[in-house]
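Going by our numbering, the first residue of the sequence shown is number 4, and it counts up by one from there. Note that CB positions come from ideal geometry on N, CA and C, so glycine has one too. Read through the structure below, which is laid out as structure tokens, and then see the notes.
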Amino acid sequence: MGGSAAVRAITRHTSLRNTIHMLCITVDNQKHLKSSVNTWLRKGSHEEGGIDMKVFRRCLYCNKGEMGIQQLVQRSNQSSPGHWDDIAIPETLQNFMGHRFKVVTLQYFPFIVYDQSTTDGDTLSPRDSLDVRILNTISAHLNFTYEMHEPWDGTWGVPMIGGNWSGIVGTLQHHKADFSLNLTPSATRMKVISHSRIYSYDPLLIVSLKPGPLPRRWALLRPFAGNLWMIIIPFTFVAGVIVWLLQRMWFWLSGYPYIRLDRALFYSWGVLLQEPVSYSSASVSDQVFVGWWLLSCLIISTAYRSSLVAHLSVQSKYLPINTFQDLLNHEGWSWGGFPLRGTTFLFFNQSTDAVIQEVYKNLQIYEVEKGMDQVMAEGFSYIAHEKRIRNYILPYYQDKYGNSLLHLSTTEYPVLGGNSWGMRQGAPFIGQIRMMKQLLIETGLIDHWMDDVIQIRAEHITQRSKAFEDKHSETEDGQVVLRLDHLQGTFYLLLLGYIVASITLLGERLALRHTGVHQSHIMG
4 MGGSAAVRAI TRHTSLRNTI HMLCITVDNQ KHLKSSVNTW LRKGSHEEGG
54 IDMKVFRRCL YCNKGEMGIQ QLVQRSNQSS PGHWDDIAIP ETLQNFMGHR
104 FKVVTLQYFP FIVYDQSTTD GDTLSPRDSL DVRILNTISA HLNFTYEMHE
154 PWDGTWGVPM IGGNWSGIVG TLQHHKADFS LNLTPSATRM KVISHSRIYS
204 YDPLLIVSLK PGPLPRRWAL LRPFAGNLWM IIIPFTFVAG VIVWLLQRMW
254 FWLSGYPYIR LDRALFYSWG VLLQEPVSYS SASVSDQVFV GWWLLSCLII
304 STAYRSSLVA HLSVQSKYLP INTFQDLLNH EGWSWGGFPL RGTTFLFFNQ
354 STDAVIQEVY KNLQIYEVEK GMDQVMAEGF SYIAHEKRIR NYILPYYQDK
404 YGNSLLHLST TEYPVLGGNS WGMRQGAPFI GQIRMMKQLL IETGLIDHWM
454 DDVIQIRAEH ITQRSKAFED KHSETEDGQV VLRLDHLQGT FYLLLLGYIV
504 ASITLLGERL ALRHTGVHQS HIMG
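So this is what it looks like as structure tokens:
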């Protein structure tokens, strides 16, 4: 209450900058102001011939998008309260009358892409991207414009000393911008800023080379697991020893000749390899054991043959990396990621999961291009957001048939809630922007725009050199003709046999020479 100067001072006060509805009352006869107003407010009765009043309404965006003052009642005698019934509060913020909002953001395709303005280096020139399409649609419907800036320190926002925040969050916290584009909400951020509707989800994924084929030199061993080989090989030797012991015991009882230990061992291995040496025994117990050994070897050899055919027909591959635990389990494996900022930094730094902490401890920081060079060099995985992977990585790493050379983990690691827009606290336009974004979500336009923006970018991407194409895009579907490469393990095994036989021959030669020299000394 007061004169026109008081109206201007009150309506422009910073503490009322977010107030949507405001009425200001001025009194022409200032000397009667105190007594008249007190009587009017306390008793609800009015003196005849009371003072004259004017009523003004403050509107936020009515003056070509800026704050304005509108006079509702020219003169109203306080003793005639009927004039007040005609005062309406029409402001619903469905039309911002061309108001210019300050938007703060950082580049992150497909959400936001921009160039530095050629006329003003401080402002940004937005390019076609998801958030720009959303913003242009909302601004056209609500009739406002915008200017876009980067945060002063080029970061998304992390907590600092004294309750302040850096980056985009700090800019909104101190009301240096009206709202931001893509920004991930968190419980701590929501204490200092507000958020609009979450409209997208961008989890972390692990990128690795597609699992390559296992070395074919071990193809002969691959049909059985390692622990099964650890049972078969020793027990084959044990079977030969048992045959020898049973015949030796029968010799003690009946005097029937028994075979030597080396012959018994060759017999047990011969049965397993289906090439047994000649064998005869009069011992019933020995015959029973040999019968069961023959049956066991038949089952083992049949299973081995069928499994070997399957492994030679379809090339086996290394196990893929799908979780953070897989990274830790792969011996000699390393991993990295993009420079951690904002909520991604908080996800790793504040996690209480021991596996995530171990991954974070050994995380190597690389930009996308250098990180993917490490991936292509094998033995390395790159951790990044799904949208970054599908737009900046996957289109570049394909073979000539369009098949991806990369494997994406099946496990997703959500970084907090998702993607939304940040708003300065108390902003009067939050409700309208939230409602418009909800309508865009319900109509499916946001999902459609996301796919469209990605597709347009993919059409302009030129493929990189495929140095690893032949090695990592090998497919062997359908019928396969066995080649020499498939059977290389057999020749390695044959070479090993030649070496063992040669060493044995050399040993026999030396032993024979030593025996001949010894016998000549005795006869001499």
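7 Å Cβ shell around residue i - same chain, five flanking residues per side excluded
i	result
leucine 539	No information on residue 539 is available, as it lies outside the stretch 4 to 527 that the chain covers here.
glutamine 277	Ser304
arginine 516	none
serine 354	Gln360
leucine 297	Val274
leucine 343	Phe351
asparagine 394	Phe112, Pro113, Ile457 and Arg460
glycine 500	none
serine 132	Phe112, Pro113, Phe114, Ile115, Val116 and Val456
glycine 510	none
leucine 256	none
histidine 178	Arg427
Unbroken beta strand (DSSP E) run spanning residue i, endpoints
i	result
methionine 151	147-152
glycine 425	423-426
methionine 193	Where methionine 193 is concerned, there is no enclosing beta strand (DSSP E), given that its DSSP letter is neither H nor E.
isoleucine 209	207-212
threonine 29	25-30
valine 161	Taken as a continuous stretch (DSSP letters only), valine 161 belongs to no beta strand (DSSP E), as it is neither H nor E.
aspartate 118	116-119
asparagine 185	182-186
leucine 96	Segment: none, leucine 96 is in no beta strand (DSSP E) and carries neither H nor E.
leucine 127	127-130
tryptophan 338	337-340
arginine 103	102-107
CB-CB length for residue i against residue j, believed under 8 Å
i	j	result
threonine 29	valine 10	6 Å
asparagine 185	aspartate 118	Contact doesn't hold; Cβ gap of about 17 Å is too wide.
leucine 315	alanine 222	6 Å
leucine 127	methionine 151	4 Å
glutamine 435	leucine 109	At roughly 24 Å, the Cβ-Cβ gap does not stay under 8 Å, so glutamine 435 and leucine 109 are not in contact.
leucine 145	phenylalanine 99	5 Å
threonine 446	asparagine 325	No, threonine 446 and asparagine 325 are not in contact; Cβ-Cβ is about 35 Å, not under 8 Å.
Residue i - containing alpha helix (DSSP H), residue span
i	result
tyrosine 363	357-364
leucine 330	327-332
leucine 175	170-176
glycine 345	345-352
Identity of the residue in the options nearest residue i by Cα
i	options	result
alanine 143	Gly101, Ile245, Gly425 and Lys373	Gly101
arginine 263	Thr239, Asp450, Gly339 and Gly243	Gly243
tryptophan 295	Arg15, Gly382 and Val246	Val246
glutamine 428	Val358, Val503, Ile196 and Ser132	Ile196
threonine 191	Thr174, Leu212, Asp205 and Asn167	Asn167
lysine 105	Asn98, Val161 and Asp125	Asp125
valine 116	Cys62, Leu231, Ile457 and Phe240	Ile457
glycine 173	Gly425, Gly447 and Asp455	Gly425
leucine 535	Leu268, Ile236 and Cys27	Residue 535 lies beyond the range of the chain shown here (4 to 527); nothing can be said about it.
proline 237	Asp265, Asp455, Gly374 and Trp272	Trp272
lysine 67	Thr148, Asp131, Arg60 and Leu26	Thr148
threonine 140	Asn230, Phe240, Leu448 and Gly165	Leu448
alanine 380	Arg512, Trp338, Ala387 and Lys320	Trp338
glycine 345	Ser310, Ser309 and His388	His388
glycine 340	Asn325, Gln367 and Asn332	Gln367
glutamate 415	Ser18, Lys390 and Phe432	Lys390
isoleucine 396	Phe383, Met375, Ile235 and Gly382	Met375
phenylalanine 59	Thr17, Ala8 and Arg20	Ala8
asparagine 332	Phe383, Trp155 and Glu372	Phe383
alanine 180	Val287, Trp155, Thr347 and Arg130	Trp155
glycine 157	Ser203, His198, Thr17 and Val107	Val107
Contacting residues, own chain, Cβ-Cβ under 8 Å from residue i (five flanking each side not counted)
i	result
glycine 420	Thr187, Pro188, Ser189 and Ile201
asparagine 365	Ser337 and Trp338
glutamine 290	Ser284
leucine 212	Val378, Met379, Glu381, Leu408, Leu409, His410, Phe471 and His475
Contacts around residue i, its chain only, beta-carbon distance under 6 Å, and the 5 residues preceding and following it disregarded
i	result
proline 323	Pro214 and His410
valine 358	Phe327 and Gln328
lysine 57	Thr29
leucine 311	Pro226
tryptophan 159	Gly170, Ile171, Arg344 and Gly345
arginine 467	Interpretation of arginine 467 is limited by its pLDDT of 44, a score under 50 that renders its predicted location unreliable; the figure taken from the coordinates is listed afterwards. So the qualifying residues of the chain are Tyr399.
Residue i: CB within 7 Å of a non-hydrogen atom of the ligand MG
i	result
arginine 460	The ligand MG is not part of this structure, which contains no ligands at all.
Continuous alpha helix (DSSP H) assignments of at least 4 residues falling wholly in the stretch 366-452: 371-379 and 433-445
Which parts of the stretch 231-303 are runs of the alpha helix (DSSP H), unbroken and 4 residues or longer, counting only runs that do not cross its ends? 264-275
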